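Going down the list, the sequences are from chains H and W.
By the count of my numbering, the first sequence reaches residue 118 at its end, each step adding exactly one.
By the count of my numbering, the second sequence reaches residue 118 at its end, each step adding exactly one.
C-beta: ideal position from N, C-alpha, C; glycine also.
These numbers come from a predicted model, not from an experiment.
Quick notes on the structure that follows.
2 protein chains.
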Amino acid sequence: MPNALGEFEQLILLALVRLGDDAYGVSIQAEIARRTRRDVGPGAVYKTLLRLEEKGFVSSWLGEPTRRRGGRRKKHYRLEPAGALELRRSLAALRGMTRGLTPTLELQ
Amino acid sequence: MPNALGEFEQLILLALVRLGDDAYGVSIQAEIARRTRRDVGPGAVYKTLLRLEEKGFVSSWLGEPTRRRGGRRKKHYRLEPAGALELRRSLAALRGMTRGLTPTLELQ
DNA sequence: CTATATTCCCGGCAATGTCGAGAAAATGAG
DNA sequence: CTCATTTTCTCGACATTGCCGGGAATATAG
Chain H
11 MPNALGEFEQ LILLALVRLG DDAYGVSIQA EIARRTRRDV GPGAVYKTLL
61 RLEEKGFVSS WLGEPTRRRG GRRKKHYRLE PAGALELRRS LAALRGMTRG
111 LTPTLELQ
Chain W
11 MPNALGEFEQ LILLALVRLG DDAYGVSIQA EIARRTRRDV GPGAVYKTLL
61 RLEEKGFVSS WLGEPTRRRG GRRKKHYRLE PAGALELRRS LAALRGMTRG
111 LTPTLELQ
């Protein structure tokens with residue numbers, strides 16, 4: 011009975027929307043940290059991406075090596091239609107609960 | 011290291027804001043079910059309220075018996091300042107992640 | 001080849017989410 | 001008063017999600 015998306019899962023999926031083709035572990039972690047002022051460990055990000063992928067909400071592919079100093083190849087992530095649907099549902103639910111509240115609370 | 015509010019916890023706290031003095035187990039459950047179209051069991055609601063109370067985000071008091079047919083006395087819940095703060099933080103984070111996205115995704 | 005930088009994987013525990021069975025009041029009927 | 005019925009709440013148990021820390025993999029520079 012997997013009913014709804016968790017909060018961190020929401021953030022991850024939103025990061026995918028924002029980052030488009032540039033979405034990979036590190037950039038996702040940075041985007042969330044920057045925009046939510048919450049420090050996120052890499053492990054949390056990868057683990058969550060893995061679970062989202064198992065559910066078919068997200069897909070991934072390996073990028074080519076870049077010219078930067080070091081590093082393993084990037085694993086890029088993309089939001090799948092099923093994931094987009096879940097995300098919309100989840101946000102709609104929150105919107106329903108915040109609609110009409112004071113500006114500080116309402117998700118405007 | 012309790013970092014953030016879970017998703018269901020958010021919904022509960024928002025229900026408290028909406029319902030004011032009328033907030034008790036059953037009305038909270040109904041409000042969430044109605045506004046999010048997600049069916050929620052009573053157990054989930056009470057359990058979450060209990061945990062929120064332990065963290066000091068919520069307080070409760072027993073109501074007087076009413077004139078309705080049957081029923082145990084209602085346990086009313088109120089959002090405490092600490093809870094309001096957490097809720098605002100949590101929603102601000104989401105707002106930061108959705109800002110500027112398409113209307114379907116943005117929490118407007 | 002070695003050093004270093006960048007990225008990713010994963011085990012394991014903590015916190016949250018959910019369900020189901022059932023106990024506790026409260027009132028009305030007989 | 002006693003019993004049946006209604007409404008509300010409690011609690012145990014387990015599934016899912018969240019998170020950290022340690023470390024492995026892979027790339028380039030020197």
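Would you tell me roughly how many angstroms separate the C-alpha atoms of residue i and residue j, rounded to the nearest one?
i: S70 (chain H); j: G35 (chain W); result: 42 Å
i: G51 (chain H); j: L59 (chain H); result: 13 Å
i: V68 (chain W); j: R61 (chain W); result: 9 Å
i: H86 (chain H); j: L72 (chain W); result: 53 Å
i: M11 (chain H); j: L23 (chain H); result: With a pLDDT of 39 at M11 (chain H), under the threshold of 50, the modelled position of that residue is not reliable, and no figure is offered here.
i: A54 (chain H); j: E64 (chain W); result: 26 Å
i: S37 (chain W); j: A43 (chain W); result: 10 Å
i: T108 (chain W); j: D31 (chain W); result: 32 Å
i: T76 (chain H); j: Y56 (chain H); result: 21 Å
Classify residue i as helix, strand or coil using the three-state DSSP reduction.
i: V68 (chain W); result: strand
i: K57 (chain W); result: helix
i: R48 (chain H); result: coil
i: Q88 (chain H); result: Checking the displayed sequence, the identity of residue 88 (chain H) turns out to be Arg instead of Gln. Note: R88 (chain H) maps to strand in three-state DSSP.
If we call anything under 8 Å between Cβ atoms a contact, is residue i one with residue j?
i: A33 (chain H); j: T46 (chain W); result: no
i: E41 (chain H); j: E17 (chain W); result: no
i: S100 (chain H); j: L15 (chain H); result: yes
i: R105 (chain H); j: T114 (chain W); result: no
i: R83 (chain H); j: E74 (chain H); result: yes
Legend entry - At least three beta-carbon pairs within less than 8 Å, the stretch 79-95 of chain H to the stretch 24-38 of chain W: no
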